[in-house]
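Peer 1: Numbering (my numbering), first residue to last: 3 to 336.
1. Between residue 246 and residue 263, which are expected to be in contact by the criterion C-beta below 8 Å, what is the C-beta distance as a whole number of angstroms?
2. Whose CA, out of 204, 284, 248, lies closest to the CA of residue 165?
3. Below 8 Å CB to CB, which residues in the same chain sit around residue 170 once its five sequence neighbours on both sides are set aside?
4. Counting only runs of 3+ residues fully inside the segment 190-278, write out the beta strand (DSSP E) ranges in chain order.
5. With three or more C-beta pairs closer than 8 Å as the rule, is the segment 146-156 touching the segment 213-226?
6. Pair every Cβ in the segment 252-261 with every Cβ in the segment 176-193, then say whether three or more of these pairs are closer than 8 Å.
7. List the endpoints of the continuous beta strand (DSSP E) containing residue 181.
8. Alpha carbon to alpha carbon, how far is residue 175 from residue 241?
9. Using only CA atoms, which one of 194, 237, 140 lies nearest to residue 188?
10. Put residue 156 into one of helix, strand or coil per three-state DSSP.
11. Nearest-angstrom Cα distance between residue 199 and residue 300?
12. Measure the C-alpha to C-alpha separation of residue 294 and residue 239 and round it to an integer number of angstroms.
13. Which same chain residues, not among the five before or five after residue 197, have their C-beta less than 8 Å away from its C-beta?
14. Let's test the definition: count the other Cβ atoms within 10 Å of the Cβ of residue 316 and tell me whether it reaches 16, buried, or not, exposed.
15. How would you write the range of the beta strand (DSSP E) that residue 299 sits in, first residue to last?
16. Could you name the residues that DSSP lists as bridge partners for residue 140?
17. Please classify residue 54 as buried or exposed, where buried requires at least 16 neighbouring CB atoms within 10 angstroms.
18. Quick one: what does DSSP say residue 310 is sitting in, helix, strand or coil?
Dropping the structure here:
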């Protein structure tokens with residue numbers, strides 16, 4: 003059962019976060035070339051029907067003119083608030099409320115040590131449980147001290163690109179695009195096709211690379227070429243593997259929160275990390291405004307890596323047992 007986590011606030015005045023940054027959106031008011039998607043249209047888990055978590059808005063393939071950017075606020079992370087006291091008077095002393103999360107708050111020092119407290123800020127973290135014992139997400143409010151965190155990506159063979167030919171007898175390609183929040187790449191938000199899935203990147207159109215700056219012009223050229231009776235070639239590539247936790251200091255805030263190799267770093271201050279390189283993520287962590295919210299979640303890629311490691315370990319153990327048995331037989335025969 004999935005479980006979300008939230009950062010506990012020891013004191014309302016000491017745990018305020020900077021307001022989230024506004025993100026740009028792209029959309030077009032012109033009639034889309036794609037017909038409305040049917041109910042069986044596939045949509046990725048990280049994409050909403052109208053707004054994705056990467057802060058993009060729908061952008062149909064047939065958009066023909068750029069529009070002025072829109073702005074939309076990003077919701078801040080949920081915070082747990084203490085339960086309101088009962089309105090009924092009672093002569094009994096109030097019974098302390100049981101916490102709904104496991105946390106490791108940083109207690110403020112005494113008054114005479116207040117200066118040192120502000121000079122040595124520490125991260126705080128809590129894990130919110132939804133009825134089971136395995137957290138699925140971990141949110142950390144990072145104050146800038148050492149985290150003891152190392153990230154990695156699974157090295158897999160390069161997945162082949164997918165070529166989609168938009169023929170003249172096809173009314174629609176069946177793809178809705180969006181602009182990725184950080185890298186500004188053009189990604190698939192929704193699709194009714196079976197050869198590509200949400201999250202794929204539109205790398206090129208008719209041999210020319212596609213990015214945010216030339217997206218509108220590329221869409222116009224594709225529509226004009228298709229209307230003139232020429233087939234249009236679109237090339238898609240899979241997204242990069244998720245940034246996984248390679249090592250973590252068990253004595254640090256992340257280790258105490260239960261962070262393991264099964265987790266991936268999903269976002270830094272609300273900006274997703276999936277399409278960034280490890281160097282870009284490192285720079286984002288270094289330059290992030292503190293306090294900074296780090297969001298971790300269980301990863302399918304990490305589960306696959308752990309299963310692979312367990313398989314290798316099991317094979318080694320079996321090989322060692324076989325050699326030991328052969329040695330015993332040889333000794334008996336001798």
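Every residue, glycine too, gets a C-beta built ideally from N, C-alpha and C.
Peer 2: Per the coordinate set shown:
1. Taking the first residue of the chain shown as 1, we reach residue 246 at position 244. Taking the first residue of the chain shown as 1, we reach residue 263 at position 261. With a Cβ gap of about 7 Å, residue 246 and residue 263 count as contacting.
2. Translated into positions along the chain shown, residue 165 becomes position 163. The option with the nearest alpha carbon to residue 165 is 204.
3. As a working note, residue 170 is residue 168 in the chain shown. Taken in chain order, the residues that qualify are 228, 231, 232, 233.
4. 203-207, 234-239, 246-250, 265-270
5. no
6. no
7. Start at 1 with the first residue of the chain shown, and residue 181 comes out as number 179. Start and end: 177-181.
8. Against the chain shown, residue 175 aligns to sequence position 173. Against the chain shown, residue 241 aligns to sequence position 239. About 20 Å.
9. Numbered from its first residue, the chain shown carries residue 188 at position 186. The shortest Cα separation from residue 188 among 194, 237, 140 belongs to 237.
10. For the purposes of this step, residue 156 is taken as the residue at position 154 of the chain shown. Reduced to three states, the DSSP call for residue 156 is coil.
11. As a first step, residue 199 must be located in the chain shown, where it is residue number 197. As a first step, residue 300 must be located in the chain shown, where it is residue number 298. Each residue's alpha carbon lies about 21 Å from the other.
12. The sequence position of residue 294 within the chain shown is 292, counting from 1. The sequence position of residue 239 within the chain shown is 237, counting from 1. Distance between the alpha carbons of residue 294 and residue 239: 32 Å.
13. Translated into positions along the chain shown, residue 197 becomes position 195. Around residue 197: 164, 166.
14. The residue you call residue 316 lines up with position 314 of the chain shown. Answer is exposed; the Cβ neighbour count stays below 16.
15. As a first step, residue 299 is located in the chain shown; it is residue number 297 there, counting from the start. 294-300 is the span of the beta strand (DSSP E), which, as asked, contains residue 299.
16. Here residue 140 is taken as the residue at index 138 of the chain shown, counted from 1. Residue 140 is bridged to 298.
17. The residue labelled residue 54 in the question sits at position 52 within the chain shown. Reliability fails at residue 54, whose pLDDT of 36 lies under 50, so the model's placement of it is uncertain and the value that follows must be treated cautiously. Around the C-beta of residue 54, 16 or more other C-beta atoms lie within 10 Å, and the residue is accordingly described as buried.
18. On the chain shown, position 308 is the one that residue 310 refers to. It is helical.
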